[in-house]
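Engineer: Its first residue numbered 4, the sequence shown is counted upward by one per residue in my numbering.
No residue lacks a Cβ here, since even glycine has one placed at the ideal position from N, Cα and C.
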Amino acid sequence: MIPRFKPAIGAAELGAAAAVRGAGVADFECEFARTFGARHAIAFSYGRTALWALFKALGVDGAEVVLPAYTCVVVAHAVVLSGNTCRFVDVSLRDYGMDLDELERAITPRTRAVVPTHVFGYPVDVDRVQAIVHAAERRFGTRILVVQDCAHSFGASFRGKPVATAGDAALFGLGISKLITSIFGGMLTIADDELASRVRRFRDDHVRAATAAKAMQRRAYLVAAAAAFSPAAYGAVRWIESETPLLDRMSKAYHLDGLVHFPPDHLDAMTDVEARVGLVQLARYGSIVEERRAHAAYYDRALTGIVGWDLPPIVDGATYSHYVMRVPNRRDLRRALLRRGIELGELIQYSVPHMPPYDRDTPPGAWPNSRFASEHTINVPVYSGLTAAECARVAGALLEAAARRPADAAHVAFGR
Ligand SMILES: *Cc1c(COP(=O)(O)O)cnc(C)c1O
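#1: When you compare only the Cα positions, how much space is there between residue 419 and residue 15?
#2: Which value, in whole angstroms, describes the spacing of the CA atoms of residue 415 and residue 193?
#3: What do you get for residue 185, buried or exposed, if any count of 16 or more other CB atoms within 10 angstroms of its CB means buried?
#4: Let's test the definition: count the other Cβ atoms within 10 Å of the Cβ of residue 176 and tell me whether it reaches 16, buried, or not, exposed.
#5: Just checking residue 51 against ligand 1 - is the residue's beta carbon closer than 7 Å to any of the ligand's heavy atoms?
#6: Secondary structure at residue 133, three-state DSSP: helix, strand or coil?
#7: Is the beta carbon of residue 305 sitting closer than 8 Å to the one on residue 398?
#8: Quick one: grab the DSSP three-state call for residue 402.
#9: Hey, residue 278 and residue 212: beta-carbon distance below 8 Å or not?
#10: Between the region 30–49 and the region 62–76, can you find at least three pairs of beta-carbon atoms closer than 8 Å?
#11: Can you check the region 249–335 for any alpha helix (DSSP H) of at least 4 residues that lies completely inside it and give the ranges in chain order?
#12: Using a threshold of 8 Å, state whether the C-beta atoms of residue 98 and residue 120 are closer than that.
#13: Around the Cβ of residue 281, are there at least 16 other Cβ atoms within 10 angstroms (buried) or fewer (exposed)?
#14: Quick check on the burial criterion: 16 or more other C-beta atoms within 10 angstroms. Buried or exposed for residue 171?
#15: With a CB to CB cut of under 6 Å and the five nearest residues on each side skipped, what residues in its chain are close to residue 237?
#16: Helix, strand or coil: how does DSSP classify residue 54 here?
#17: Which partner residues of residue 71 appear in the DSSP bridge assignment?
#18: Check whether the region 46–56 touches the region 307–314, counting contact only when three or more Cβ pairs, one atom from each stretch, lie closer than 8 Å.
#19: Just verifying my parser: in three-state terms, what is the DSSP assignment at residue 160?
#20: At which residues does the beta strand (DSSP E) containing residue 151 begin and terminate?
#21: Could you name each continuous beta strand (DSSP E) segment of 3 residues or more that falls completely within the region 173–229, going from the start of the chain to the end?
#22: So, using beta-carbon positions, are residue 94 and residue 126 closer together than 8 Å?
#23: Could you say if the region 318–326 and the region 382–400 meet the contact criterion of at least three C-beta pairs nearer than 8 Å?
#24: According to DSSP, is residue 342 helix, strand or coil?
#25: Could you pull the DSSP bridge partners for residue 382 from this structure?
#26: Rounded to the nearest angstrom, what separates residue 35 and residue 244 at their Cα positions?
#27: Using only the alpha-carbon positions, how far apart do residue 19 and residue 341 sit?
#28: Residue range of the beta strand (DSSP E) that residue 8 falls in?
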């Protein structure tokens, strides 16, 4: 079975997790900042906690935060739980990034932050975001934070400039499905010394110290994840996930239950075990992303020309956390590929303002591109460690499925 994603966890990560002494969270923060060209990096239990803490620490409260409609719902949760209101902006169907013409119109005198997501690792035009935000600041006489959501993009760059350093802060998710992982965990990078010390102080005042029991839990989770993604086990794991509710708590909790809440341990500190795993992953970041780019370039060549399919942009500086296509009938395609032992992913399969509880005031027809993307996107395995033969197998199966089901009326409606 070729899984839809696979963490790049090997002996080095397992060894780092097993160690009882060594580097800790502060070392991980330093190395993270160095790797991504930031002055400061501050670690949290989750990426969502990092964003929440940024707003709390800086007194962003009772304000509007502008974010794309097509992003991870936990970003919206962080906005709401920090006492703010989400103002959603539709996305472009070219690269799924925030529509910047709409961003311009969405900023009001109450806007205190803008959170662009470099979704799937495709970089947003950060120069234009900055220009729009600065113009709005002058117009309204306000200060608007720009927080880059780099959970999919990490070191991605736009025209050679790293997107993570193009605003006031950047947010990173380090869970098991991200480009690099610290088992769980999130990171905030900040350029300004004074802002960083306020956030760090807030973090130190509000997080609970990691316990030995927590460290053991994290080790166990990493071992379980490594085992679950092994070729022998993955078929069974997938069957359990799709046919039984046993893994719902892991794979669906906090996403699709219609409630705005964080996991109970969101205020726990990152453990040193996680930091040590994160340090190993940081050292491998460059090669992990290079592999993903090579896989994306291969698919781009192999799949070009299928009528009715929209392939993702191939742009310099993208990290390809996901190779995302739009296809006319993704359920059929998913099933066809599963029969060939290949799993496709459906991330992100929702549009935030179309899901409860964010859909209360959503007018019909609003955020159409976000909704469209949520219904038609499918992603193809591009993880580090995928072999050339496996890539060829995936492309071959996709081409065969496309040939068996040529363009029909649905495809025409789809071509926009
Ligand atoms: C994963 C993710 C985050 C943060 O996730 P946590 O699970 O809270 O660490 C933020 N934004 C996007 C787009 C993500 O995919």
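Structural biologist: So, from the listed chains and residues:
#1: Here residue 419 corresponds to residue number 416 of the sequence shown, with the count starting at 1. Here residue 15 corresponds to residue number 12 of the sequence shown, with the count starting at 1. Its pLDDT being 42, under 50, residue 419 is placed unreliably by the model, and nothing is read from it.
#2: Position 412 of the sequence shown, counting from 1, holds the residue named residue 415. Position 190 of the sequence shown, counting from 1, holds the residue named residue 193. Confidence at residue 415 is low in this model, with a pLDDT of 43, below 50, so its placement is unreliable and the value that follows should be read with caution. Computed Cα separation, rounded: 46 Å.
#3: In the sequence shown, the residue the question calls residue 185 occupies position 182. Buried is the call here.
#4: As a first step, residue 176 is located in the sequence shown; it is residue number 173 there, counting from the start. Flag for residue 176 reads buried.
#5: Taking the sequence shown and counting its residues from 1, one reaches residue 51 at position 48. It does: the Cβ of residue 51 is within 7 Å (strictly closer) of some heavy atom of ligand 1.
#6: What you label residue 133 is simply residue 130 of the sequence shown in a count that begins at 1. Residue state, collapsed to three classes: helix.
#7: In the sequence shown, the residue the question calls residue 305 occupies position 302. In the sequence shown, the residue the question calls residue 398 occupies position 395. Result yes, Cβ atoms of residue 305 and residue 398 sit closer than 8 Å.
#8: Along the sequence shown, read from residue 1 onward, the residue named residue 402 stands at position 399. It is helical.
#9: The residue you call residue 278 lines up with position 275 of the sequence shown. The residue you call residue 212 lines up with position 209 of the sequence shown. Taking 8 Å as the Cβ cut-off, residue 278 and residue 212 do not qualify as a contacting pair.
#10: no
#11: Counting only runs of 4+ residues, the alpha helix (DSSP H) found wholly inside the region 249–335 occupies 251–254, 275–306, in chain order.
#12: Taking the first residue of the sequence shown as 1, we reach residue 98 at position 95. Taking the first residue of the sequence shown as 1, we reach residue 120 at position 117. For residue 98 and residue 120, no; Cβs fall outside 8 Å.
#13: What you label residue 281 is simply residue 278 of the sequence shown in a count that begins at 1. Flag for residue 281 reads buried.
#14: As a working mapping, residue 171 is identified with position 168 in the sequence shown. Label assigned to residue 171: buried.
#15: The count along the sequence shown starts at 1 and reaches residue 237 at position 234. Excluding residues within five positions, the ones whose Cβ falls inside 6 Å are 4, 6.
#16: The residue labelled residue 54 in the question sits at position 51 within the sequence shown. In this structure, residue 54 counts as helix in the three-state DSSP scheme.
#17: Within the sequence shown, residue 71 is the residue found at index 68, counting from 1. Per DSSP, 92.
#18: no
#19: Indexing the sequence shown from 1 puts residue 160 at position 157. Residue 160 falls in the strand class under three-state DSSP.
#20: In the sequence shown, residue 151 corresponds to position 148, counting from 1. Counting along the chain, the beta strand (DSSP E) containing residue 151 begins and ends at 148–152.
#21: 189–193
#22: Indexing the sequence shown from 1 puts residue 94 at position 91. Indexing the sequence shown from 1 puts residue 126 at position 123. Result no, Cβ atoms of residue 94 and residue 126 do not sit closer than 8 Å.
#23: Segments in contact, yes.
#24: Residue numbering aside, residue 342 sits at position 339 when the sequence shown is read from its first letter. The answer is helix: DSSP assigns residue 342 an H, G or I state.
#25: On the sequence shown, position 379 is the one that residue 382 refers to. Looking at the DSSP assignment, residue 382 forms a beta bridge with 327, 348.
#26: By one-based count along the sequence shown, residue 35 stands at place 32. By one-based count along the sequence shown, residue 244 stands at place 241. Cα to Cα, the separation comes out at about 33 Å.
#27: Position 16 of the sequence shown, counting from 1, holds the residue named residue 19. Position 338 of the sequence shown, counting from 1, holds the residue named residue 341. Per the coordinates, the alpha-carbon of residue 19 lies some 34 Å from the alpha-carbon of residue 341.
#28: Along the sequence shown, one-based indexing puts residue 8 at 5. Segment: none, residue 8 is in no beta strand (DSSP E) and carries neither H nor E.
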